[in-house]
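Okay, so here's the structure we're looking at.
Numbering (my numbering), first residue to last: 255 to 759.
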């Protein structure tokens, strides 16, 4: 694992929160990670102000402050006392950081691996251009980028990438393409809104590489080189309680409030993951059952229309045809419902089933980072004791003294780096957990709202078709109750005479 003193260009640790400004930025103080960045690409202003002219209030400025409203920016004196004038300088205005991906369309689906086009707009100085158009990447390259971000920044909650193919065989391709593009755009917006992930070197290579994108995977805490994810481990300090049931968990005697919050988050995510996986399974069964129901209703409607075609009674034939059309329309609506139930709800539930695993792994990485910090502190304490013993001795050579002090300095530097990283991981993780909870609530509310609106519209169409069929049945042909019942009775009596019974004499 690289220490914070050894800056890795692939990790962009200069934006990792090593100072107070970056730490505040990591807490999303000025960034909304849940909305698409609509900041326009603008050039920083520059005012041609002569630098050798001292600031002196002019009479027209004192009389009419709006007379120079056309200037680029008002002058601001750099001295506090009027008598102590200093050369005036324009106040520099730095544009907000901008990195925006716009997903175009699905351009290729060969070998079940879709490819997408992107338009990228940025004002980051590390990028070679301000705007890129027609960047083409496939689903495999997107998964490589996600794996790289997870391995390089284990203390961050990287958003979960959505599926690149159809989530159900009953969903048509055009409907699936719209869904996939929407989920991919949402993922890109959240990655580029993250103050740490958007500074990644490989993300820039993802945009600028002309050929296949294949990033190098970093070594996560406690893992091996090239590993993508870290399996949850048991905590020696008792921060968390997930894992294998047979393993014994030792809880810390005095956990901090943040550790208690993480423990509760882990338990909530475990329960949520179990239930959402079951809901996804039954949602799939519902979509398949409704698709079969749609097929059966269409078959019934087709048969009823066929009966109406061969029926000799015109009024009854019209009734059969109208009822058959009603079944055909209802079957088409049921098919649309199966498409809706088998696409976005299942995709969102799949994403958050995986996201719960990612939350557990991020919490486990936090656990390993704190474990490394504790190990470094113990090593530093042993080196400090060795220095104390060395100072108390009188027959120690100068070379041994220098070696001991050098080892102490190395241990102290390593402990400081591990301590800074442990402090930083809690700040970043707290902000990311808040963003994750807000995204989770927003995604499910949006999914429920869209599903409810679509279902309501379909049910209204079905209800209108049934009402039309009922009106048609009421207004079709003569009514049988208008027939003369007395004439019918006499006709039946004449056709079937009653046998008389003679009484015995």
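Glycine included, C-beta positions come from ideal geometry on N, C-alpha and C.
The alpha helix (DSSP H) enclosing residue i, as first and last residue numbers
i, result
"residue 606", "598-646"
"residue 529", "511-564"
"residue 568", "568-595"
"residue 382", "Residue 382 -> no alpha helix (DSSP H), and no H or E assigned at all."
"residue 703", "652-728"
For residue i, three-class secondary structure by DSSP
i, result
"residue 354", "strand"
"residue 347", "coil"
"residue 454", "coil"
"residue 323", "Confidence is the limiting factor: at residue 323 the pLDDT is only 38, short of 50, which leaves the residue's position unreliable, though a coordinate-based value still follows. Coil at residue 323, not helix or strand."
"residue 461", "helix"
"residue 412", "coil"
"residue 403", "helix"
Burial state of residue i, where buried means 16 or more other Cβ atoms lie within 10 Å
i, result
"residue 563", "exposed"
"residue 385", "exposed"
"residue 720", "exposed"
"residue 349", "exposed"
"residue 728", "exposed"
"residue 647", "exposed"
"residue 724", "exposed"
"residue 660", "exposed"
"residue 657", "exposed"
"residue 557", "exposed"
"residue 370", "buried"
"residue 588", "buried"
"residue 651", "exposed"
"residue 454", "buried"
"residue 448", "buried"
"residue 402", "buried"
"residue 485", "For residue 485, the pLDDT reaches just 36, beneath the cut-off of 50, and the residue's location in the model is therefore unreliable, leaving the point undetermined."
"residue 464", "exposed"
"residue 548", "buried"
"residue 441", "buried"
"residue 323", "With a pLDDT of 38 at residue 323, under the threshold of 50, the predicted position of this residue should be treated as unreliable, and no value is reported."
"residue 560", "exposed"
"residue 717", "exposed"
"residue 318", "For residue 318, the pLDDT reaches just 45, beneath the cut-off of 50, and the residue's location in the model is therefore unreliable, although a value from the coordinates is still provided. Label assigned to residue 318: exposed."
"residue 375", "buried"
"residue 405", "buried"
"residue 460", "buried"
Limits of the beta strand (DSSP E) - the one that residue i falls within
i, result
"residue 369", "369-376"
"residue 390", "385-392"
Touching or not, the region 386-394 and the region 664-673, by the rule of three or more beta carbon pairs under 8 Å? Counting Cβ pairs under 8 Å, fewer than three are found: no touch.
Three CB pairs or more closer than 8 Å across the region 585-600 and the region 541-550: Cβ pair count under 8 Å is three or more, so yes.
Within 8 Å, do at least three Cβ pairs link the region 606-614 to the region 570-585? The region 570-585, when compared against the region 606-614, does not touch it at the 8 Å Cβ threshold.
With a threshold of 8 Å, are at least 3 pairs of Cβ atoms found where one atom belongs to the region 559-573 and the other to the region 623-638? No, they do not touch.
Using a Cβ distance threshold of 8 Å, determine whether the region 679-692 contacts the region 409-417, with at least three qualifying pairs required. With the cut-off at 8 Å, the region 679-692 and the region 409-417 touch.
Indicate whether the contact test is met: 3 or more Cβ pairs, each with one atom in the region 616-626 and one in the region 529-537, closer than 8 Å. No: fewer than three Cβ pairs fall under 8 Å.
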